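What follows is a set of notes on a single structure, which appears directly below.
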Amino acid sequence: MANHTLYLVTATGGEQLDLTHAKELRSNNLFPFGLHNYALYRTPEGVYVKGSNSDNPNLMLDQYEVISEEAARTYVHPHQRIVEEE
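Residues in the sequence shown are numbered consecutively from 938, following my numbering.
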């Protein structure tokens, strides 16, 4: 039987990454989805991964990039969630 809970992604450099057991270091994964969404992960193998949203309203994260530990620890996301007043 297949395991349907795997979190497998392809990074911008073509690397295949398994984030199933990765530790989420920080994130801003608020709905509605957009540029403000990001997550930083550390895999059990010590690989640091940044997930982000390319302004896709249908997915929380749709781009992944392998980054250094220093970049992960000091990362400041350039986008903020805009809340529209009703």
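Glycine residues also receive a C-beta, built at the ideal position from the N, C-alpha and C atoms. Small disclaimer: the values here were computed from a predicted structure and weren't measured.
Short of 6 Å from the beta carbon of Gln1000, and not among the five residues preceding or following it, lie these beta carbons of its own chain, in chain order: Ser989, Ser991. C-alpha of Leu998 to C-alpha of Asn974: approximately 7 Å in a straight line. Counting the other CB atoms within 10 Å of its CB gives Tyr978 a total of 16 or more, which places it among the buried residues. Setting aside the 5 residues that flank it on each side, Phe970 is surrounded in the same chain by Asn990, Asn993, Pro994, Asn995, Leu996, Met997, each with a C-beta closer than 8 Å to its C-beta; the list follows chain order. Linking Thr949 to Pro1015 through their CA atoms gives a straight-line distance of about 19 Å.
Rounded to whole angstroms, the gap between the alpha carbons of Ile1019 and Lys987 is 21 Å.
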